[in-house]
Structure formats: structure tokens, C-alpha cells
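Novice: Residue numbers (the working numbering), protein chains in the order written: chain A, 6 to 264; chain B, 62 to 146. We put the beta carbon where it would ideally sit given N, CA and C, even for glycine. Predicted model, so just to flag it, every value in this text is computed and none were measured.
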Amino acid sequence: MNPYIHLFSIHIPSYGLLALVSLMVLSAYGIIKAKQNDLSIDDFLILESIALLGALIGSKLLFVTLNFNKIQLALSSNLITVNDLLTSGFIFYGGLIGALLFLYLFNKKFLKVDLKRYLNIVIPIIPLCHGIARIGCYLSGCCYGIAYDGIGSVVFPENSLAPSGIHLFPVQLLEAFLLFVLSICLFIFEKRKSNHLLTSYLVFYGIMRFFLEFLRGDKLEKVYLFSLSESQIISLMIILFPVLYLLLGRKNGKGKSYS
Amino acid sequence: MAIASLVLGILAIILSLTGAGGIFAVILGIIGIILGALGRKDPERKGMATAGLVMSIISVVLGVLLFVACAGVLGAAGVLASSGY
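1. With contact counted as at least three CB pairs below 8 Å, one residue from each stretch, are the stretch 120 to 127 of chain A and the stretch 37 to 47 of chain A in contact?
2. List the whole-angstrom C-beta distance separating V30/A from L133/A, where the pair is believed to meet the contact cut-off of C-beta under 8 Å.
3. Helix, strand or coil for V208/A? Go by DSSP, reduced to three states.
4. Do you know offhand how far S145/A's Cα is from A65/B's?
5. Which residues in chain A have a C-beta closer than 7 Å to the C-beta of L99/B? List them in chain order.
6. Closest by CA to S240/A, which one among G211/A, Y250/A, A167/A and V186/A?
7. Look at the alpha carbon of A73/B and the alpha carbon of V26/A, and state the distance between them as a whole number of angstroms.
8. Quick check on the burial criterion: 16 or more other C-beta atoms within 10 angstroms. Buried or exposed for L126/B?
9. Do you know how far the Cα of L202/A is from the Cα of K121/A?
10. Using the C-alpha atoms, what's the distance from T204/A back to L61/A?
11. What does the Cβ neighbour count give for P162/A, buried or exposed, with the cut at 16 atoms within 10 Å?
12. Counting only the same chain and skipping the five closest in sequence on each side, list residues whose C-beta sits under 6 Å from that of S234/A.
13. Is it true that the stretch 176 to 185 of chain A meets the stretch 147 to 159 of chain A, where meeting means three or more beta-carbon pairs spaced less than 8 Å apart?
14. I need the boundaries of the alpha helix (DSSP H) containing H135/A, first residue and last residue.
Encoded structure:
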């Protein structure tokens, strides 16, 4: 647990390092798979960059929209700076929605490639990359768990973003572990030539995230509605939307795949 | 597109190294990668587009590595919690 890694006189944020590792794993895997599946590497890079841009904008936009009053107060009280706000504060679901939206719109307007093929080659690796980034959360102390002094509890140091000196539940590590398991499941689905990779990913991650939110202690970062956090509400929508779509598609006899 | 990618890539590297705007370096770098990859489809400018692509990738790597600090920002302002907000 160390928010910064010191290399000579450079302070590298642990989260940034792990985020970079996950990005490199995603890119390397995607390039190899694109080559194996006779897809254009340049098109893959374009789509990956568009998704990254959409993820950056979406995650920041959702964070600022949901926490507008808190951010205003923190800025006016000099608790955070504009630079803090630019380099930190990303909501995963905002990123996911932004990435999918940007991919769909950019591809429809400019690139016009078979987006489903490109998405399907990288979906199994996405939870793995997300899990690596979650380890970065653990190192920097953000997205921390509830107070808990049982087996496996962790105490964060003084310079961490999590409250120091208190035994906390290691929710970041649990989420990382579950994401690795989800990644293995998606690789198995891919081997079995499943047509519902994106649906499976969204539904399983949604269920996982819904329950993990109960173990999150960073209540200040969240907005609550009917005792549910914004991530739990989005999780419910993400679980219900593909399920309803599949059920309605089956009822209408279309047999269409959401993925 | 190849020239734009090269210019954006160089600009993004300078931005990320000076620390003036890491997150802007990442955004410029991403746009540079898109333009570079699109530019590589033109055989006449493939070399320049590849150079732009490489520069842009380096800038994104530097930007993410040095400036993406954490997923949460308000946690850093934990004093807010004790102020009863």
C-alpha cells in the first residue's frame, strides 16, 4: 500500500502505473487477437483510442455531475485543487457507458467496421484489466471498504487516501479477485463460441458490483437514492436491460443477440 | 492526418514532460493515435503517420503513468466528512 512509487526523483502514482499496465495488457492482447482474426490492427487502435476517450470523458462527466455540490465546496475550501479534479475522480460506469457510446457513434459515422467482431475479441480481457486497475486503487487507498476487523482486514498508512489507522475491509482486492474470475469465465464462454459475451460481461459485472457496493466505505464519493448508491442503480439497469432485451427478442421470435 | 498526428504527438509529449497539463497530454495523445492510425491508410504518408502514432502512444504512456493519481478525488478531501457535509 503506497500511493506513490519513488524512482530517483520522480514520484509515480501507483494507480497510474497499474492503469498503464492494464492498458498495455489490453492493447497487446487486442493487437494479437486482431491479427489472428484477420482484423485491421489500425482499426483496432482507432477503436481502442475512441473507447479510451469516451471512457475518460464519460467517467469524469458522471463524477462531476453527481458530485457537483461537494466538488464546489471542496474547491472553495481549498481541500482539493483543479489539478486534483483533473487527474482524479473517475466513475467506472460513466467510463463504460461513455466508451460504448463513443464507439457506436464514431463507428456509425466514420469507421463503419463490424464493431461486434472487434468488441468480442477484447471483452474477455476487459475484467482482467479492470482487476489490475483495482489493485491500483488498493495501493493508492481509494475506493476503500467499510470498517471491519475480521480476517484479512487492512490498515492503510498515513499518506493513503483511505482513513489511516482503522481496520478496513479490502474490498478493492475482493473486486480484483472476482474480476479475474469473471475474466476466466468469459474466456471459457469465448472458447464455446458464445454469442452473448457483452451481455454476459454486463450482467455478471452488474450483479457483482451491486453487492460489492454494500462493502464500500467511501460514502463521500457516492450519491444515494432510496439507500442505493449511483453505481447500484446503474448496476440494476445494466442487469435488467440485456435480460429484458433477450426476453422480448425471444418472445417476438426474432432470436436476436444483444451482444 | 499524418501531419496532424505528428504535431499532436510532439505537443502531447512536451505537455506531459513539463507537467503543465498531464490529462490534456493524454487527450491530445489519444486524438494523435486516432489520426495516426487513420493516416496509415494512405500509403504515401504512412511513414509520417507511423511517427505520429508512436509519438502519440509515448505521450499517452507518460500522461497515464505520471498524472492519473487515483479513481477518487473527494476521498483526499476527507476533512469534508468530518465537517458533516
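Specialist: With the structure as the only source:
1. yes
2. As a working note, residue 30/A is residue 25 in the first sequence. As a working note, residue 133/A is residue 128 in the first sequence. Confirmed, about 7 Å.
3. Within the first sequence, the letter at position 203 stands for residue 208/A. In this structure, V208/A counts as helix in the three-state DSSP scheme.
4. What you label residue 145/A is simply residue 140 of the first sequence in a count that begins at 1. What you label residue 65/B is simply residue 4 of the second sequence in a count that begins at 1. Rounded to the nearest angstrom, the two C-alpha atoms are 36 Å apart.
5. Walking along the second sequence from the start, residue 99/B turns up at place 38. Here the neighbours are I51.
6. Here residue 240/A corresponds to residue number 235 of the first sequence, with the count starting at 1. Among G211/A, Y250/A, A167/A and V186/A, the Cα nearest to that of S240/A belongs to G211/A.
7. Taking the second sequence and counting its residues from 1, the one referred to as residue 73/B is at position 12. Taking the first sequence and counting its residues from 1, the one referred to as residue 26/A is at position 21. Per the coordinates, the alpha-carbon of A73/B lies some 20 Å from the alpha-carbon of V26/A.
8. Start at 1 with the first residue of the second sequence, and residue 126/B comes out as number 65. Of the other Cβ atoms in all chains shown, 16 or more fall within 10 Å of the Cβ of L126/B; this residue is therefore buried.
9. In the first sequence, counting from the first residue as 1, residue 121/A sits at position 116. In the first sequence, counting from the first residue as 1, residue 202/A sits at position 197. Approximately 10 Å, taken between the alpha carbons.
10. For the purposes of this step, residue 61/A is taken as residue 56 along the first sequence, with counting starting at 1. For the purposes of this step, residue 204/A is taken as residue 199 along the first sequence, with counting starting at 1. Each residue's alpha carbon lies about 23 Å from the other.
11. Indexing the first sequence from 1 puts residue 162/A at position 157. The residue in question, P162/A, is exposed, as its Cβ has fewer than 16 Cβ neighbours within 10 Å.
12. The residue given as residue 234/A occupies position 229 in the first sequence. Within the same chain, S234/A has close Cβ partners E218 and K227.
13. yes
14. For the purposes of this step, residue 135/A is taken as the residue at position 130 of the first sequence. For H135/A, the enclosing alpha helix (DSSP H) has its first and last residue at I131 to S145.
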